[in-house]
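Note that the sequence shown covers residues 1 to 283 in this note's numbering.
All residues carry an ideal CB built from backbone N, CA and C; glycine is no exception.
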Amino acid sequence: MKKYLFLTILLPVLLSCKYINFSRDKIVAQVGKNTLLESDIRELIPEGTAPEDSIRMVEQYINNWAITHLLLKKAEEELSKSEKDVEQELEDYKNSLLVYRYENLYVESHLDTTITEDECREYYEKHSSNFTANNTIVKARVIKISHNSPNLASIKNMYKANGIEEIDELERLCYNAADKYDNFDNNWVDISAVAALVPYDLQSCEKAANSSLSIETSDSLYNYFVYFIDKISPGQIPPFDYYKPLIKETILIKRKQELINELERNLLKEALENNILKTNINK
């Protein structure tokens, strides 16, 4: 193995603020004829890195470099000639990459990104049966406040507010006193977005949304209050506003594909008309 692997890790010479001393461009690691020089790893260590972190970063880089070259050596030794011939695969990948980049360039310069409200609604109505909810969809407000807050009792009494003035007062209080306040009063969100904000699992949040319409819970530091203003149960069709962003993205994807199809048709047509493309197919 020594014939193929010569590995020398130059651990730090702790002088002044220099953790690893790259005074001369020595060989740090070698696998067969492949060598890794000090200059290859000199820029790996950001200025101010702690000595132990510097050592770990260099060792990890050297190990990764060595493993890569050892695997390549094994591949050269054990793969057949045909298995090592990757020229066609590289050419295919290059061609695919160039085509992909050109198509993106073409789409970016021709894509109409304006999508009207009417277009979105038409798509929603036409495909509404595909938009059934998998989880409960809710409008809700979520408040997180410290056990020690002098406003805890006030927020507990007000978090289910429904009147405009009450809601305004609650929001002012939350913005000033709550550790976190998420207001989904006017936006439909998946119940998982609420579950991520409180020490409740998804099933518990689903159950609360479909029964008590509120959650009051706590952990070692905070109290959590959740009020569910409205909900759509699994299997029902969420309202248009919930799916509007997804519909816009779907319409854009469709337009992009139509542009690519149009590009391909035009290229074929022009090539045939200009005698660039010649085909010899008996029909």
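- Counting along the chain, no alpha helix (DSSP H) covers Val31; the unbroken beta strand (DSSP E) around it starts and ends at Ile27 to Val31.
- Pairing Cys174 with Ile137 gives a Cβ-Cβ distance that is not under 7 Å.
- Cα atoms of Gln30 and Ala66: separation of roughly 8 Å, rounded to the nearest angstrom.
- Using a Cβ distance threshold of 7 Å, Lys180 and Ala209 do not count as a contacting pair.
- Phe131 carries a coil assignment under DSSP once its states are collapsed to helix, strand and coil.
- About 22 Å separates the CB atoms of Asp53 and Leu37; that is not less than 8 Å, and the two are not in contact.
- Ile45 places its beta carbon 7 Å or farther from that of Asn135.
- Of all C-beta pairs linking the stretch 246-254 to the stretch 120-130, three or more are shorter than 8 Å, placing the two stretches in contact.
- Taking C-beta separations shorter than 8 Å and ignoring five residues to either side along the sequence, the partners of Ile115 in its chain run Lys248, Ile251 and Leu252, following chain order.
- Look at Asp190 here: in three-state DSSP terms it is strand.
- Three or more beta-carbon pairs drawn from the stretch 99-111 and the stretch 251-271 are found closer than 8 Å, and the two stretches are therefore classed as touching.
- Counting C-beta atoms within 10 angstroms of its own C-beta, Arg56 has fewer than 16 neighbours from the protein chains shown and is therefore classed as exposed.
- The beta carbon of Arg255 sits closer than 7 Å to the beta carbons of Leu111 and Asp112 from its chain, once the five residues preceding and following it are set aside; these are given in chain order.
- Contact between Ile155 and Phe225 holds, since their C-beta atoms are separated by about 7 Å, short of 8 Å.
- Every alpha helix (DSSP H) stretch that sits fully inside the stretch 35-74 and reaches 4 residues is listed by chain position as 38-41.
- With a threshold of 16 other beta carbon atoms within 10 Å, Asn176 falls short and is exposed.
- CA-CA distance, Asp85 to Ala75, rounds to 12 Å.
- Taking C-beta separations shorter than 6 Å and ignoring five residues to either side along the sequence, the partners of Leu213 in its chain run Phe228, following chain order.
- It is roughly 10 Å from the alpha-carbon of Tyr93 to the alpha-carbon of Val99.
- In the three-state DSSP reduction, Ile137 falls in the strand class (E or B).
- Leaving aside the five residues that flank Ala140 on each side, the residues in its chain whose CB is nearer than 7 Å to its CB run, in chain order, Phe184, Val194, Val226, Tyr227, Phe228 and Ile229.
- As computed with DSSP, Ile155 is found in no beta bridge at all.
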